[in-house]
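Line by line, the protein sequences are chains A and B.
Using my numbering, the letters of the first sequence map in sequence onto residues 1 to 398.
Using my numbering, the letters of the second sequence map in sequence onto residues 1001 to 1465.
Report on one structure; see the data block that follows.
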Amino acid sequence: MTRDRTVDVLVVGAGPAGLTLAARLAGAGAGRVEVLEREQDAGGAPRHCHHGGFGGLLRPWLAGPAYARLAVEAAVAAGATVRTGVTATGWAGPLSLETTSPAGLERITARAVVLATGARERPRSARLVPGSRPAGVLTTGELQQSVHLYGQEVGRRAVVVGAEPVARHAVRTLRRAGAEAVAQVTEHSRGIAVPGVPLLTATTVVELRGRGRLSGVAVRHEDGRSGVLACDTVVFTGDWIPDHELARRGGIALDPGTRGPCVDASFRTSAPGVFAVGNALHGVERAAAAAAEGAAASAAVLARLSGAPWPEPGPPLVVRAPLVWVSPNRLTGTAGRPLLLRSGEPLTGPVVTVAQDGRLLWRRRFPGRVPPWRSLRLPPGWTDRVDRGGGPVVVTAG
Amino acid sequence: MTVTVGGGLPGGQYDVTVVGAGVVGSAVARELARLPLRIALVDAADDVGEGTSKANTAILHTGFDAVPGSLESRLVREGQRLLSAYAAESGIPVEPLGALLVAWDEEQRAALAGLADKAVRNGYRAARIALPEEVRAREPELGPGVLGALDVPGESVICPWTTTLAYATQAVRSGVDLHLNCRVLDAISGDVHTLTTSRGPLRTRYLVNAAGLYADAIDRLLGHADFTVTPRRGQLIVFDEFARGLVRHILLPVPGALGKGVLVSPTVYGKVMLGPTAEDLDDKTDTGSTAAGLAVLREKGRRILPALLDEEVTAVYAGLRAATGDEDYAIRSHPAQRYVTVGGIRSTGLTASMAIAAHVVELLADGGLPVAGARDLEPVRMPNLGEAFPRPYRDAELIARDPEYGRIVCHCERVTRGEIRDALAATVPPGSPDGLRRRTRARGGRCQGFHCGAAVRALFEEARR
Ligand SMILES: Cc1cc2nc3c(=O)[nH]c(=O)nc-3n(C[C@H](O)[C@H](O)[C@H](O)COP(=O)(O)OP(=O)(O)OC[C@H]3O[C@@H](n4cnc5c(N)ncnc54)[C@H](O)[C@@H]3O)c2cc1C
Chain A
1 MTRDRTVDVL
11 VVGAGPAGLT
21 LAARLAGAGA
31 GRVEVLEREQ
41 DAGGAPRHCH
51 HGGFGGLLRP
61 WLAGPAYARL
71 AVEAAVAAGA
81 TVRTGVTATG
91 WAGPLSLETT
101 SPAGLERITA
111 RAVVLATGAR
121 ERPRSARLVP
131 GSRPAGVLTT
141 GELQQSVHLY
151 GQEVGRRAVV
161 VGAEPVARHA
171 VRTLRRAGAE
181 AVAQVTEHSR
191 GIAVPGVPLL
201 TATTVVELRG
211 RGRLSGVAVR
221 HEDGRSGVLA
231 CDTVVFTGDW
241 IPDHELARRG
251 GIALDPGTRG
261 PCVDASFRTS
271 APGVFAVGNA
281 LHGVERAAAA
291 AAEGAAASAA
301 VLARLSGAPW
311 PEPGPPLVVR
321 APLVWVSPNR
331 LTGTAGRPLL
341 LRSGEPLTGP
351 VVTVAQDGRL
361 LWRRRFPGRV
371 PPWRSLRLPP
381 GWTDRVDRGG
391 GPVVVTAG
Chain B
1001 MTVTVGGGLP
1011 GGQYDVTVVG
1021 AGVVGSAVAR
1031 ELARLPLRIA
1041 LVDAADDVGE
1051 GTSKANTAIL
1061 HTGFDAVPGS
1071 LESRLVREGQ
1081 RLLSAYAAES
1091 GIPVEPLGAL
1101 LVAWDEEQRA
1111 ALAGLADKAV
1121 RNGYRAARIA
1131 LPEEVRAREP
1141 ELGPGVLGAL
1151 DVPGESVICP
1161 WTTTLAYATQ
1171 AVRSGVDLHL
1181 NCRVLDAISG
1191 DVHTLTTSRG
1201 PLRTRYLVNA
1211 AGLYADAIDR
1221 LLGHADFTVT
1231 PRRGQLIVFD
1241 EFARGLVRHI
1251 LLPVPGALGK
1261 GVLVSPTVYG
1271 KVMLGPTAED
1281 LDDKTDTGST
1291 AAGLAVLREK
1301 GRRILPALLD
1311 EEVTAVYAGL
1321 RAATGDEDYA
1331 IRSHPAQRYV
1341 TVGGIRSTGL
1351 TASMAIAAHV
1361 VELLADGGLP
1371 VAGARDLEPV
1381 RMPNLGEAFP
1391 RPYRDAELIA
1401 RDPEYGRIVC
1411 HCERVTRGEI
1421 RDALAATVPP
1431 GSPDGLRRRT
1441 RARGGRCQGF
1451 HCGAAVRALF
1461 EEARR
């Protein structure tokens, strides 16, 4: 027996983005705002990020779990319902989701649905790293949960693949678990070194070795030099992809760059009434950035609830290499906040241009170095010059 | 019910011991379990099906392309019928998708008629040649250049993990002793065989060698050197469930010199598989993938189903087929020695397993094994891992009876705590988190444990304590 219920806003995912949006909406009197979380505890990725930096500028020392707790409390205090252990498994209609929980199956219909399902790191298999299939192969997410949520042992000697902030957290988590990080490996020509850990740049992991347990990682440098790093654990870090399962199941258009749902600057997807916010849109940003998207989406959701029409798709925003994505990626009106732009390669002092149908809309030089793991923020001023009926808006960097 | 994983082996003497708890050895043990005898099934690994049986392409073949008149041809045909019926009874997922053997060049197109003919000589009459328009209509996502296909409607996909597990479960419940972590190191034949194992001596009247890649080594311990097993590696790439909509049939290549070639096939778990390669190796333990192998697969996959390559990869793995250089199984009976070798079970062993088992028991009987008093076995009902059949997370009544089936632990594969709990407490429990994955699919999806790895491991370790 499947129960049918109706709410005003259904938010899928109780991470920073979903919780912040739910708090805003409930606080603004949006009616019944329900947040579904498939994990046993709400809070999203910060639950297992035991390091500071979550409180934004005001409280930079705030660690992930405390931040998660505060975000849940704020949503509940504002009047939102946060239900954990509930998985949205598919769609029963344009604005109806099917759910599974220990309480049974439900079909929940809402006036607006928000996808705030977050992102995950691509595992070894998706990166097509060849070799054997031993134990001891992790992503940062699995490592953090193992150590911080379950107190499990990891190995003694670990190689970390990646040299971004996430990789640094992986090193810290390893150390906390009593393991030594023997090396960091990155394909890029530079990365963030962690004191005490050798950093191998321009280096690829070409094979995993070992039966039963990992025994080593074979690597090759760009110049042809190669070797084997003896280790019993390897952590693949970064390389984020949105958890876009529901979006795809719902036939919602995805952006080829972000691999998340295509949205306009008001977080509207291609499906009327369905919004998407946070890392579900573009892979990992800081929690504060995801939360800010949640907050920023509230106005559009409220407008929808009071009957605002769903706009025509508007021209797509597309990027050219070495850029890999821009978010939002459609324009249906003037953007109220900066757009996020990512490069696939490190850039130095890039000049970013935005053009439509050969017409230059904007150009600016960004001083300094731009690593591939940090988004550039494009001020939105030029978005009011976009021709809504025109061709794609093209973003380039040179 | 006895499953042991450590310590010394029970004393006394077994009537029959089967070495190797792969799909073949487990099927033989299950068939023997019908007899009022004392039977042992031993394996070097910590779980059943840890060898070739866990890493194949999971196709339930019709045998249309076997060597006509061979033992393999007969056993595959019979095995297909037996296993289809057994799967229906035991809850092993099978999807009868049918296969299209797609011709991409003139030479391949020309070969189709011969293959249709061969199918008939193998007793399979439903194969027919389909023209390019029909092929394209039935598989709209195929790459350009299709010249035709052989339509083989009888081919299916099956769950290889549940198959081995169902056999072993039924055998153990019917009284067979399953000894894991038990490697056979030596054998002395006399009035009884005395096997030296990594867990001490084991005495047995009759002996069946179903040791897969190591069947030649066991054979040599018994004084036979009929064949040599050359591991033929097959690397495979599994694409995420979103690729499933791209393909409707098992897309077989027209076979070339090195076996069946690279296919694209849906799996019963709702994914799409691309592979296998065929590489002859020396090392019987080298189940690693290689950059070159994956590159070859991607290149072939792009030709067959271009859109496939845009989808996320959930798994890459490799299996080793037991090739002998001979185009047939190497099943040999040595009646004087009360010994049967089940060797060279190449790339059809999953399909043929039940027929092989029946054949082996006949050979044992010819060699004097008393086979009076055979009984029907208590049926088994295996948990469903297949996507085309109801899974617990969608079963409202089941969840109402036991809310643990509503508690999803592995989000990508929708595996519930109830299923994990059941697998950990099953007749043949998993020996590792990977064994748990093969029983439940937990941790087998696109995130490979990013979300649930720690939780699943915690459940596994808790059950071990
Ligand atoms: C890439 C690939 C694709 C395939 N696709 C298909 C398919 O689509 N359909 C199909 O029907 N078949 C397929 N096969 C073939 C099928 O998997 C095999 O025929 C089948 O697994 C053989 O079963 P087995 O029991 O003989 O061997 P295995 O599964 O290898 O079992 C042998 C067991 O013996 C144990 N053992 C070995 N030595 C000792 C010792 N000294 N002491 C104790 N234990 C020992 C091993 O640990 C192992 O568990 C495929 C194979 C491969 C590699």
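Ideal Cβ placement from N, Cα and C applies to all residues, glycine included.
Of the residues assessed, Q40(A) falls on the exposed side of the cut-off, its CB having fewer than 16 other CB atoms within 10 angstroms.
The contact set of C1447(B) on chain A, defined by CB atoms closer than 7 Å, consists of R120 and P123 in chain order. For Q184(A), there is no enclosing alpha helix (DSSP H); the residue is found in the beta strand (DSSP E) stretching over E180 to V185. The distance from the Cβ of D8(A) to that of T117(A) is about 20 Å, inconsistent with a contact at the 8 Å cut-off. The continuous stretches of beta strand (DSSP E) do not include P16(A), which lies in the alpha helix (DSSP H) extending over residues P16 to G27.
Per DSSP, P1253(B) is one residue of the beta strand (DSSP E) stretching across I1250 to P1253.
The beta carbon of V1157(B) does not come within 8 Å of any beta carbon belonging to chain A, so the residue lies off that interface. Under the three-pair Cβ rule at 8 Å, the stretch 234–243 of chain A does not count as touching the stretch 188–202 of chain A. T1194(B) places its beta carbon 8 Å or farther from that of L1185(B). Excluding the 5 residues flanking it on each side, R369(A) has same chain C-beta neighbours closer than 6 Å at T348, in chain order. The beta-bridge partner set that DSSP reports for Y1214(B) is empty. Taking every protein chain shown into account, the CB of V1120(B) has fewer than 16 other CB atoms within 10 angstroms, so this residue is exposed. Of all C-beta pairs linking the stretch 1376–1391 of chain B to the stretch 1088–1095 of chain B, three or more are shorter than 8 Å, placing the two stretches in contact. E1134(B) has its alpha-carbon roughly 39 Å from the corresponding atom of G1288(B).
Within chain B, the residues A1291 have their CB atoms less than 7 Å from the CB of V206(A), given in chain order. Taking every protein chain shown into account, the CB of G283(A) has 16 or more other CB atoms within 10 angstroms, so this residue is buried. Three or more pairs of CB atoms, one per stretch, sit closer than 8 Å, so the stretch 97–112 of chain A contacts the stretch 71–88 of chain A.
By the C-beta criterion, the stretch 374–385 of chain A is judged to be in contact with the stretch 349–365 of chain A, since at least 3 inter-stretch pairs fall below 8 Å.
Within chain B, the residues whose beta carbon sits less than 7 Å from that of L128(A) are L1294, V1313 and V1316, listed in sequence order. At a cut-off of 8 Å between C-beta atoms, L305(A) does not count as an interface residue with respect to chain B.
Around the CB of T1057(B), 16 or more other CB atoms lie within 10 Å, so the residue is classed as buried. In its chain, beyond the 5 residues on either side, Q1235 and T1277 have a beta carbon closer than 6 Å to the beta carbon of G1293(B). With respect to the 8 Å criterion, A181(A) and L174(A) are classified as neighbours on the basis of their beta carbons.
Rounded to whole angstroms, the gap between the alpha carbons of T237(A) and Q1013(B) is 54 Å. A1357(B) is positioned such that its CB atom lies closer than 8 Å to that of V1028(B).
Under DSSP, M1273(B) forms a beta bridge with V1238(B) and S1265(B). With fewer than 16 other Cβ atoms from the protein chains shown falling within 10 Å of its own Cβ, S306(A) counts as exposed. DSSP places G1022(B) in no alpha helix (DSSP H); its state is neither H nor E. Counted as a single uninterrupted DSSP element, the beta strand (DSSP E) harbouring S1333(B) occupies residues A1330 to H1334.
For Y67(A), the enclosing alpha helix (DSSP H) covers residues G64 to A77. Within the stretch 323–389 of chain A, the complete beta strand (DSSP E) segments of 3 residues or longer fall at 323–327, 339–343, 351–356, 359–365 and 376–378, listed in chain order.
Taking 8 Å as the CB threshold, S132(A) lines the interface with chain B. In chain order, T1002 and A1040 place their CB closer than 6 Å to the CB of D1177(B), counting only its own chain and leaving out the 5 sequence neighbours on each side.
Nearest CB-CB separation between Y1393(B) and chain A: below the 8 Å threshold.
Taking C-beta atoms as the reference points, L1436(B) and A1455(B) fail to come closer than 8 Å. With respect to R1205(B), V1192(B) sits close: the two C-beta atoms are nearer than 8 Å.
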